[in-house]
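Below is one structure, written out as C-alpha cells; comments come after it.
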Amino acid sequence: MNQDNRKRALAEIVAVDAWHQGFTQKVERVDLHVDVVFQSGRVGGEPGDDVRFRLRLKRAEVVVIVPPTEPAKIDKGSISRDAPQISAKATEKREISTKVAAGVKSKAKLDQTGPGGGLNLTLDASAIRSKDAAVIITQSLQAMSVTQTETADGDYSWVVEPSVNKTLAGRPWDAGKAPRLKVVDQRQDRTKGIEPNIRIEVRCRREDLDITDITLKNQTAWAGFAKDPLGRNKVAAAEALIRTKLFQAGLVAGHLDDPFAQMTLCAAIAESSA
Amino acid sequence: MKAKTHWLAQVEAVLLADTGDLRKLAEIGGEDPRTLYIGTSMDGVDLRGQDLRGMAFTRLDPAKVRIDADTRLDPAPGSEPETLIPDPEDDLTDTDGMVLFMEHRLIPEFLRSAPRRAPNLAIYGPGEVEAFNHDALRYAGPKFVVFDVRRRAFLERFVGRVPEGVVILLARRTPGFEVAELDRDTAAAARSPIVVIQASSSGTPVYRTATVAVVKDAISVLATNWEVLEKVLRRQRVSVFLRSRGQAPEVLADAWSQMFERTQRMELRGYAGTRLVSAQSVTYADRALDISDALFSGLRPLTIDRRSGPKTVDAAILVDTSRPPNLDYEDTFEGGVERLLSIRRWSMDEFKKPDWPNATEFHLVGRTRSFTMHVVSSATPLLPEIYPSEHLRDLYLNGISTLVVSNDVNESQVVTHLIEKGEFWVNVRDICTFSPDDDTIWSLLQRQLRRLARVPSGPARSQYLSLFLRAALQSEGVLGGDPGRIVDALNQSLFSRLFNVSFGKVAFRPEGAIYQVKIHRAGQPPSAPPVTGFRLEIDGQGPRIHSIVNPLETAHWAARTTA
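Here it is, written out as C-alpha cells:
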C-alpha cells in the first residue's frame, strides 16, 4: 500500500508511451517510437500527509528491452544516435557597472601656479559618473543532452541529461519524427501468433532523484524548524530517507548499499498501431 | 515503532527529531544508517562530534561540511572521483610518495589543483594517521605530512609525534616571517625536517587554494628529486620553500628576478640555503643561470631534474631558517641589484653609497648611453594619482636619464615619479635583461610594459599606457592608417578618465612584442565598438603604431559623446 503511494509519486515525474507500426506479411521492419515526458512533481499534497516536497530528475536512462524469448531483433544500423532537435532558450543578463572613483583629486598643488587650475577642477567633477548597462545574451541551446549507450544487460538505451537547467523537464526528442530504432520481426509467418513484445523502461540511480523544498505542513512546527541550528542535518536526513524510500519502491536490481544500483521509474509495452 | 503507517510520517519524525546526529536520524526514519545517505548531498551539514564510521556517503565534500577533531569518518569510497582517497591498503610499490594531510579540507583542493605533472602519490586523511604510520614503516620513498599553520596548538602537539624520516610541510597562508621562532621550537621537538610553504609574500593572506598549489609544487619538486633533496632537508632542518614562474622569453631570468623581489619583501635575506638550478637548458639559460648566481649568491646551487618536475616551477629555493641570518651587503636589495648590473657588464662609474643602506646611486655607462641609477630598497607607497593630460604631453621617454630601481613598482608610481621628478621607476624584473649594448632604453621599457599591461583596468592603467602611445606618436612611429582619433583622444585633458586603453592579444617576439590595442570611451560595455583600434609594436628600437582601424561612429556612442 505504501509502495503504491511511492510509485504514484514516481509516475508523476516521468511518463513513457511507445508504439510501432503493426507487422504484416510485407512489413517485417518497423520504427519504434518512444515518447518520454519529464516533469516536476509535488508529493504530499493529499490530506493526511504531513510533509510536502518537490521531486524532479537530474538524469534518466530510457531503455528498450527485447526479451530474449521474443521472436524479434533490433536493426543495429537504425539506432538513433543523433542529437535531439528540441531546444531551449537561455537568457543571461549581465550587469556592467563602470564607476569612476568619486575621490578625484585635482592637481591643485601644480595647478595653482597656472590659470588652468580652476578649469580642471570643474572638468574633474563632470567626469565623476556612474553608468550601469545591461546586456542580454540569448542563446539557443539543447534543452537536454541525449547519449546513446547500452545497459549492463546489453539493452540499447539513451541517457538523458539536462543541459541548461539542473533537472529534466519536457521531452528529450520528438517521438513522431525521431524513432529510437527499427525492430525486425523474426517470425516465420508474421500473420500467425503474437507480435513480439517490446518493453521500454525509464531508469535512474538513487542520486538522480532531486528532492527539494521539503516542508512540514504544520505551520507552527515549521516555523520552529526554521530556527533549528541542526535543521540542515535533519533536512539532509529527511532527503536521504525520501530518496531511499522511493528507491526501494522502484528498485530493479542490486542492493541498497550499491551506489550504482538502478531503479525503474516507469515502464511501458510498445503498442502496435495497426 | 509503528505509530503512523504512511511513509511520509517517518520523514516528519526525522524533521521533528531532537538530534542532529545522522546515525540517530537514520534510525528514527526506520532505515539502515550504513546505506541511507548514499546519493544524498551532505553540503552544509554539521558533523562536529559525530562518529560516522561504517556509514557510506557518496556525496560528502569535506570542504563543504563542518567537521572537528572528533568527527570520525571512513575514508571516502572510491565512487566519487572528486573525493577519491586511495585505499591505504593499496600496494605502495608504484607510488612516488606518501602524503598525510592533517586537515581534511586540503585534500580535495590538493587533488583538484590545476592539472599538472604530479607524481603518483598515496594520500591519507586526518583519520588515517595510524594507517599512514603503519605504511610509512615499510615504504622507503618520500613521505610527507601536511599541517595548516593556523592550527598552532594542534601543530605543537603533533609535530613531535611525526615518525622519523617523514618531512613535515607547514602550509602558511598569512604573510610575514614572525612565526620563525615557533618553527625553531617545533623543529627542536621534531625528529623530522620541516619545510615551510609560504604562498603569500605581500601584505595579504592568500586563498587556501593558492597555498595548496604551492604545497603540491613543493611535494612534486621534492619527490622527483628525493635522493639529493632529502639530504638537503636533513641538513637544513627548517627550510622555507619558495617557487616562481617566469614570463617568456627570458623565463629563468624573470623567474629569479621575481624570486629576488619576494625574498626581499619577506626579509628572507642573509640566510643560508639551497637554490635549485635546472639541469636542462631553457631559452637564454646561460644568461639566466648567471642571474641566480648574482641574486642568490648566498644559496648553494643544486642541480635538479626539471623535466619531471611541475611545469609551474621555473625557479625554486629552500631557505635555511634554522640558523639566524648573517646580513652582508651582498644580501641586501642594493647588493643584488649591483651584482645583477655587473654581470650584465655595465660599467659602474662613480659608484657611491652615500647613506647606505637606504639608497645607493650608480652611474651606469653603456655603449651609447649612460644613466644615473638610484636603488631604493623600500619606497613609500603612493596613492594613485591621475594627472590632466597636459602634464604627460611633454614627457619624452627616449630622454630618460635617471632610473630608480625599487621593489613593487606599479603603474601609478611610474607616472607620478616621472611627472614629479623626471625619474623612471623600474623593478628588478624590468632590468633583469637590460644590457649596456642596448642603444636605447626601450628594451627595459618594453619589459616593464609587458609586466604592467595586464594590471586591472582603470584610469591609472590608461594613464600609464598612454605614455607609450604618446612616445610612438612623438617619434612618428605611425606606419599606415590615420592616427587622428588617437591624437584627439590623447589631447583631451581628462584622457585617462574619459577613455579606457586596453591591450588585448599579444604576440611576443624575442626582442619585444606586438599588442592589439583598443581605445574605448570609459563606461562603455566591452561589446561596444572602440573609438579606434590598432597594433602597437614595441622592441629595442621603440614603439610603432600600425594597422589602425577606426570603426564607424555608431549612433550608440555618438549619442554618448554629446551627452
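Line order of the protein sequences matches chains A and B. Counting in my numbering, the first sequence runs from 11 upward without gaps. Counting in my numbering, the second sequence runs from 589 upward without gaps. From the three backbone atoms N, C-alpha and C, an ideal C-beta is built for every residue, glycine too.
In DSSP terms, what residue i is bridged to
i: residue 1013 (chain B); result: B:992
i: residue 167 (chain A); result: A:73, A:159
i: residue 172 (chain A); result: A:154
i: residue 736 (chain B); result: B:759
i: residue 710 (chain B); result: B:686
i: residue 961 (chain B); result: B:950, B:991
i: residue 79 (chain A); result: In the DSSP output, where bridge partners are listed per residue, residue 79 (chain A) has none listed.
i: residue 214 (chain A); result: A:273
i: residue 904 (chain B); result: B:831, B:864
i: residue 28 (chain A); result: A:44
i: residue 783 (chain B); result: B:757, B:827
i: residue 180 (chain A); result: A:48
i: residue 818 (chain B); result: Its beta-bridge partners do not exist; DSSP assigns none.
i: residue 278 (chain A); result: A:210
i: residue 936 (chain B); result: B:952
Candidates the options: closest to residue i by CA position
i: residue 804 (chain B); options: B:747, B:782, B:816, B:757; result: B:757
i: residue 222 (chain A); options: A:265, A:36, A:153, A:50; result: A:50
i: residue 1037 (chain B); options: B:1024, B:1018, B:1122, B:951; result: B:1018
i: residue 1059 (chain B); options: B:1083, B:1115, B:1126; result: B:1126
i: residue 759 (chain B); options: B:965, B:829, B:953; result: B:829
i: residue 1129 (chain B); options: B:683, B:1092, B:781, B:1056; result: B:1056
i: residue 712 (chain B); options: B:700, B:726, B:695; result: B:695
i: residue 913 (chain B); options: B:860, B:604, B:958, B:1101; result: B:860
Any chain A beta carbon closer than 8 Å to residue i
i: residue 598 (chain B); result: yes
i: residue 1137 (chain B); result: no
i: residue 666 (chain B); result: The pLDDT assigned to residue 666 (chain B) is 40, lower than 50, so where the model puts this residue is not dependable, and the model offers no usable value.
i: residue 646 (chain B); result: yes
i: residue 1077 (chain B); result: no
i: residue 1021 (chain B); result: no
i: residue 643 (chain B); result: no
i: residue 623 (chain B); result: yes
i: residue 908 (chain B); result: no
i: residue 655 (chain B); result: no
i: residue 870 (chain B); result: Below a pLDDT of 50, predicted positions are generally treated as unreliable, and residue 870 (chain B), at 48, falls in that range; no measurement from the model is reported.
i: residue 637 (chain B); result: no
i: residue 844 (chain B); result: no
Chain B contact for residue i (CB, 8 Å cutoff)
i: residue 197 (chain A); result: no
i: residue 15 (chain A); result: yes
i: residue 28 (chain A); result: no
i: residue 216 (chain A); result: yes
i: residue 288 (chain A); result: Residue numbering for chain A in the displayed model covers 11 to 284; residue 288 (chain A) lies beyond these limits and cannot be assessed.
i: residue 186 (chain A); result: no
i: residue 141 (chain A); result: Any reading at residue 141 (chain A) must be qualified, since the residue scores a pLDDT of 38, below 50, and its modelled position is unreliable; the value itself is stated next. Yes - at least one Cβ of chain B is within 8 Å of the one on residue 141 (chain A).
i: residue 255 (chain A); result: yes
Residue interval of the beta strand (DSSP E) (run including residue i)
i: residue 685 (chain B); result: 685 to 689
i: residue 1088 (chain B); result: 1087 to 1097
i: residue 255 (chain A); result: Counting along the chain, residue 255 (chain A) falls outside any beta strand (DSSP E), though it belongs to the alpha helix (DSSP H) covering 241 to 260.
i: residue 1125 (chain B); result: 1120 to 1127
i: residue 1102 (chain B); result: 1100 to 1109
i: residue 543 (chain B); result: The requested residue 543 (chain B) is not part of the displayed model; chain B covers only 589 to 1151.
i: residue 1158 (chain B); result: Outside the modelled stretch of chain B, which goes from 589 to 1151, sits residue 1158 (chain B), for which no answer is possible.
i: residue 61 (chain A); result: 61 to 67
i: residue 888 (chain B); result: 888 to 892
Where the alpha helix (DSSP H) through residue i begins and ends
i: residue 1059 (chain B); result: 1047 to 1062
i: residue 847 (chain B); result: 839 to 853
i: residue 1078 (chain B); result: 1072 to 1079
Any chain E beta carbon closer than 8 Å to residue i
i: residue 782 (chain B); result: As a matter of chain content, chain E is missing from the structure shown, whose protein chains are A and B.
Q) Pairing CB atoms from the segment 230 to 242 of chain A with CB atoms from the segment 169 to 187 of chain A, are three or more of them under 8 Å? A) As far as the Cβ criterion goes, the segment 230 to 242 of chain A does not touch the segment 169 to 187 of chain A, which means the pair count is below three.
Q) Taking three-plus beta-carbon pairs below 8 Å as touching, is the segment 29 to 48 of chain A in contact with the segment 243 to 250 of chain A? A) Result no; under three Cβ-Cβ pairs closer than 8 Å.
(Q) Counting beta carbon pairs with one atom in the segment 273 to 280 of chain A and one in the segment 17 to 24 of chain A, are three or more of them shorter than 8 Å? (A) Counting C-beta pairs closer than 8 Å gives three or more between the segment 17 to 24 of chain A and the segment 273 to 280 of chain A, which meets the contact rule.
(Q) Using 8 Å as the cut-off, can you tell me whether the segment 629 to 643 of chain B makes contact with the segment 605 to 620 of chain B, which would need three or more C-beta pairs spanning the two stretches below that distance? (A) Pairwise C-beta distances place the segment 629 to 643 of chain B in contact with the segment 605 to 620 of chain B, as three or more of them are shorter than 8 Å.
Q: Could you tell me whether the segment 1023 to 1037 of chain B touches the segment 974 to 981 of chain B, where touching means 3 or more Cβ pairs closer than 8 Å?
A: Contact between the segment 1023 to 1037 of chain B and the segment 974 to 981 of chain B is absent: fewer than three C-beta pairs spanning the two stretches fall below 8 Å.
Q.
Can you confirm whether the segment 836 to 851 of chain B touches the segment 814 to 825 of chain B when touching is taken to mean that 3 or more C-beta pairs between the two stretches lie within less than 8 Å?
A. These segments do not touch.
Q. Do the segment 220 to 227 of chain A and the segment 50 to 61 of chain A meet, that is, are 3 or more Cβ pairs less than 8 Å apart?
A. Contact between the segment 220 to 227 of chain A and the segment 50 to 61 of chain A is present, because at least three Cβ pairs lie under 8 Å.
Q. At a cut of 8 Å, does the segment 986 to 996 of chain B reach the segment 1046 to 1053 of chain B through at least three beta carbon pairs?
A. Three or more Cβ pairs closer than 8 Å define a contact, and the segment 986 to 996 of chain B falls short of that threshold against the segment 1046 to 1053 of chain B.
Q) Is it a yes or a no for the segment 255 to 271 of chain A touching the segment 200 to 207 of chain A, going by three-plus beta-carbon pairs under 8 Å? A) Cβ pair count under 8 Å is below three, so no.
Q) Is the segment 178 to 189 of chain A touching the segment 62 to 74 of chain A in the sense that three or more CB pairs, one from each, lie closer than 8 Å? A) Touching, per the Cβ criterion.
Q. Should the segment 1075 to 1087 of chain B be regarded as contacting the segment 1105 to 1120 of chain B, the criterion being three or more beta carbon pairs within less than 8 Å?
A. As far as the Cβ criterion goes, the segment 1075 to 1087 of chain B touches the segment 1105 to 1120 of chain B, which means the pair count is three or higher.
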